[in-house]
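To convert, note that position 210 of the sequence shown is 214 in this note's numbering; the numbers rise steadily by one, no gaps. We put the beta carbon where it would ideally sit given N, CA and C, even for glycine. Input: a single structure, listed below in C-alpha cells.
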Amino acid sequence: MRGSSVPPQLWLSGILERNATLFYIHHMKTVHLTKTSSSKGGSASGGEDIVVPKIFCIGKNYAKHAAEMKSDVPQRPVVFMKPSSAIVHDGAKVSIPAMTADLHHETEVYFVIGKEGKEIRKEDARSYIAAMGIGLDLTLRDLQTELKNAGNPWLISKGFDGSAPISNAVPVDGVDFNSLELSLTVNGKLRQQGSYKNTIFKIEEVIAFISQLFTLERGDLIFTGTPEGVAKLNHGDKLHAELIGHASLDVVIS
Ligand code: ZN
5 MRGSSVPPQL WLSGILERNA TLFYIHHMKT VHLTKTSSSK GGSASGGEDI VVPKIFCIGK
65 NYAKHAAEMK SDVPQRPVVF MKPSSAIVHD GAKVSIPAMT ADLHHETEVY FVIGKEGKEI
125 RKEDARSYIA AMGIGLDLTL RDLQTELKNA GNPWLISKGF DGSAPISNAV PVDGVDFNSL
185 ELSLTVNGKL RQQGSYKNTI FKIEEVIAFI SQLFTLERGD LIFTGTPEGV AKLNHGDKLH
245 AELIGHASLD VVIS
C-alpha cells in the first residue's frame, strides 16, 4: 500500500532496488580467488569471492579432441558462452537433465580476468589474467549434435544449470602456462589427461581475439577447451579434476 504522498517514480525505484538486491543474492555466481597457490583452502585460506559477469569457452582447442569430434582444426578461436548461472563449485552435485541421454565431461583449464579491457593486444593480455583453475564444461552431447547438425545455436546443450563446475582459482604469478597439466578421473579411473601447451590458441591470443568484439570485465572466466577423452557420465559418478599442483575439483553426478 503506497501512501499518496510518495511520488510513483520513487515508489517504483524502491521496488526495483529491493529486487536488485534479491537478484544479486540469488543469482549472481562467483569465483573464489585464493591468496595462495593451494586451491582447497576455501575461505580458510583467505582470498575473496568475485562475481562472474560472463563465461567464454573455446571449442576444439586441442587437435586430438577436434579429431575425436570429427571436426577440422579451426582457423580462428571457436568461441561460445555459458551464463554465469551455470556455475557450481567444488563438492557440487550435478543432476543429469531429463532432456539428455548423453551427458559428457570436458575437463578444461580456465582463467579469470582481473580487470576491464577492450581491444587488448596479445602482448598485453597476460596482465589481464588474475587467476586460473580447473573446470568442467559439461555438455549434453546428443542435443549439441542435433543442434549443430540443424545449424542452430547449441546454447542449451552447454549452458544449463550446473554445466560449469569450477575449482577455486589460484594466482598466476610466475606460472609458465605451458607447464600446466590437467587430468580427470571418474570413480578413480583416469579419463582425461592433457597438457595446456597442446592448445591451438593460447590464452593471450584468445583474449586479443575476444576483446576485439567484447569488453572483458573483472571476474569473467575463459575456459580454454578440452583435451581428448570426453565421454559419457552416469548417475553416481564421482569426478575428480586437477590442474596438477595447483587446483582440484570434485563433483558427483546425482
Ligand atoms: Zn569445452
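Member of the options whose CA lies at the smallest distance from the CA of residue i
i, options, result
"Asn202", "Met32, Ala212 and Leu184", "Leu184"
"Ala212", "Ser131, Val77 and Gly95", "Ser131"
"Glu112", "Arg125, Ile138, His69 and His93", "Ile138"
"Asp241", "Thr189, Arg222 and Glu209", "Thr189"
"Ile226", "Ile170, His93, Asp254 and Asn153", "Ile170"
"Val55", "Glu72, Gly63 and Lys33", "Lys33"
"Ala90", "Leu220, Ile62, Leu243 and Leu142", "Leu142"
"His250", "Gly233, Lys193, Ala173 and Lys162", "Ala173"
"Asn65", "Ile248, Leu237 and Ile207", "Ile207"
"Gln197", "Val35, Phe205 and Leu186", "Leu186"
"Ala71", "Gly233, Phe218 and Leu243", "Gly233"
"Ser167", "Lys86, Gly63, Phe60 and Ile62", "Lys86"
"Phe218", "Phe60, Gly50 and Thr40", "Phe60"
"His69", "Glu209, His93, Ser252 and Thr228", "Thr228"
Residue i Cβ short of 6 Å to the ligand FMN heavy atom set
i, result
"Thr40", "You won't find the ligand FMN in this model; what it holds is the ligand ZN."
6 Å Cβ shell around residue i - same chain, five flanking residues per side excluded
i, result
"Ile2", "Nothing about residue 2 can be read from this structure; the chain reaches only from 5 to 258."
"Ser258", "Lys97 and Ser99"
"Gly155", "none"
"Glu52", "Leu37"
"Asp224", "Pro57, Lys58 and Ile117"
"Asn182", "Lys201"
"Gly192", "none"
The alpha helix (DSSP H) enclosing residue i, as first and last residue numbers
i, result
"Ala212", "Ile207 to Ile214"
Contacting residues, own chain, Cβ-Cβ under 7 Å from residue i (five flanking each side not counted)
i, result
"Ser215", "Gly121, Lys122, Glu123 and Ile124"
"Gly95", "Asp254"
"Phe205", "Ile62, Asn65 and Pro81"
Residues near residue i by beta carbon distance below 8 Å, same chain, minus five either side
i, result
"Trp158", "Phe84, Leu147, Gln148, Leu151 and Lys152"
"His239", "Ile100, Ile257 and Ser258"
"Leu26", "Confidence at Leu26 is low in this model, with a pLDDT of 44, below 50, so its placement is unreliable and no value can be given for it."
"Lys236", "Asp106, Leu107, His108 and Arg145"
"Ser252", "Ser43, Lys44, Asp94, Ile138, Ser171, His244, Ala245 and Glu246"
Range of the contiguous beta strand (DSSP E) that encloses residue i
i, result
"Glu52", "Glu52 to Val55"
"Asp254", "Ala251 to Ile257"
"Phe60", "Ile59 to Gly63"
"His36", "Thr34 to Leu37"
"Ile248", "No beta strand (DSSP E) contains Ile248, which DSSP labels as neither H nor E."
"Phe227", "Leu225 to Phe227"
Inset, instruction - Please go through the stretch 73-137 and give each complete beta strand (DSSP E) segment of 3 or more residues, from N-terminal end onward. - result: 82-86, 91-93, 107-109 and 111-117
Inset, instruction - Please confirm if the stretch 68-76 is in contact with the stretch 90-108, defined as three or more CB-CB distances below 8 Å between the two stretches. - result: no
Inset, instruction - Kindly provide the ranges of any beta strand (DSSP E) runs that are 3 or more residues long and lie completely inside the stretch 154-213, ordered along the chain. - result: 168-170, 185-190 and 193-199
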